[in-house]
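At position 101 of the sequence shown the residue is numbered 101 (the numbering used here), and the sequence of numbers has no breaks.
Where is the CB? At the ideal position from N, CA and C, for every residue including glycine.
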Amino acid sequence: KFEGDGNTVKANLTVQMPAGTARADVNYFPKNQGYDAHVQAPTRRSLQSGANLKAADYVRARWKLEEIRRTIDDAFTDFDLVVLPTRRHTPRTVDASIKREETDKPRNPELENTGQFDVYGIPAISVPCGFTSSGLPVGLMIAGPRFSEGRILALAAAYEKATEWHKKRPPITPDTPVPPLASTEDRN
1 KFEGDGNTVK
11 ANLTVQMPAG
21 TARADVNYFP
31 KNQGYDAHVQ
41 APTRRSLQSG
51 ANLKAADYVR
61 ARWKLEEIRR
71 TIDDAFTDFD
81 LVVLPTRRHT
91 PRTVDASIKR
101 EETDKPRNPE
111 LENTGQFDVY
121 GIPAISVPCG
131 FTSSGLPVGL
141 MIAGPRFSEG
151 RILALAAAYE
161 KATEWHKKRP
171 PITPDTPVPP
181 LASTEDRN
């Protein structure tokens with residue numbers, strides 16, 4: 001329960017991913033033909049989605065992004081920082097991550113908490129705050145308005161000082177599979 005007891009929830013955010021993907025497209029593709037072998041499928045899809053945007057679409061998306069950032073700045077006049085789970089769901093196992101990459105299945109950005117902060121330029125940090133019942137780590141995200149990095153880092157440091165989660169490690173063995181990454185050959 002978020003509302004009540006003197007708390008108010010304000011939400012008026014529309015994710016504007018095309019502006020970011022168009023910028024990535026402009027910066028990445030012309031220099032790196034044959035990029036397919038060098039990036040994972042989700043990144044490749046995101047970059048390709050920006051390839052079809054026109055300059056006018058990009059400019060409109062940037063204007064909208066700035067409008068949304070101002071709205072977010074206004075929302076932070078009522079509070080200093082926000083604290084929320086880093087992810088809205090438990091993390092995937094390494095095996096599940098490998099299977100997801102092999103099936104080229106797109107992820108649902110609405111299931112993530114981190115992407116919106118990245119897109120809108122909101123400073124945030126994730127600190128360890130525990131483990132799932134199967135031993136996978138979970139994080140606590142602390143975020144604030146633009147240019148509030150000092151307050152965010154101070155709260156993160158205070159949280160880590162008050163807890164021991166940052167000292168604990170998930171169980172990893174030499175047999176733990178590692179998801180395949182694209183080849184690093186010919187990246188120059």
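Range covered by the beta strand (DSSP E) that runs through Pro137: Note, Pro137: beta strand (DSSP E), 137-143.
**Asked** Whole alpha helix (DSSP H) runs in the region 43-124 with 4 or more residues, listed along the chain?
**Response** Within the region 43-124, the runs of alpha helix (DSSP H) at least 4 residues long that lie entirely inside it are, in chain order, 55-75, 94-103, 114-120.
Closer than 8 Å is the cut-off here; do at least three beta carbon pairs connect the region 73-82 with the region 142-161?
A contact exists between the region 73-82 and the region 142-161.
Terminal residues of the continuous alpha helix (DSSP H) containing Ile152?
-> Here the alpha helix (DSSP H) through Ile152 covers 149-162.
* **Proximity winner among His166, Thr132, Ala162, relative to Ser126 (alpha-carbon distances)** => It is His166.
Compute the beta-carbon to beta-carbon distance between Phe131 and Val138, rounded to the nearest angstrom, for a pair I have assumed lies under 8 Å. A Cβ-Cβ distance of about 7 Å is found for the pair Phe131 and Val138, placing them in contact under the 8 Å criterion.
Q: Compute the Euclidean distance between the alpha carbons of Thr77 and Gln40, then round it to the nearest angstrom.
A: The alpha-carbon atoms of Thr77 and Gln40 are separated by roughly 39 Å.
**Q.** Per DSSP, cross-strand counterpart(s) of Pro128
**A.** Paired residues: Gly139.
Exercise for the section: Let me know the secondary structure DSSP gives Lys168 once reduced to three states. Expected result: In this structure, Lys168 counts as coil in the three-state DSSP scheme.
Which one of Ala96, Gly115, Ser134, Thr71 has the shortest CA to CA distance from Pro170?
Measuring C-alpha to C-alpha distances from Pro170 to each of Ala96, Gly115, Ser134, Thr71 identifies Ser134 as the nearest.
Buried or exposed for Gly50, please, with buried defined as at least 16 other CB atoms from any protein chain shown within 10 angstroms of its CB.
That one is buried.
What residues in its chain sit with their C-beta under 8 Å from that of Asn113, if we drop five residues either side in the sequence? For Asn113, the CB contacts under 8 Å within the same chain, skipping 5 residues up- and downstream, are Leu84, Pro85, Thr86, Arg87, Arg88, Met141 in chain order.
Just to confirm, are Tyr120 and Ile152 a CB contact at a threshold of 8 Å? Between Tyr120 and Ile152, the C-beta spacing is not below 8 Å.
Below 7 Å CB to CB, which residues in the same chain sit around Asp118 once its five sequence neighbours on both sides are set aside? Hits under 7 Å: none found.
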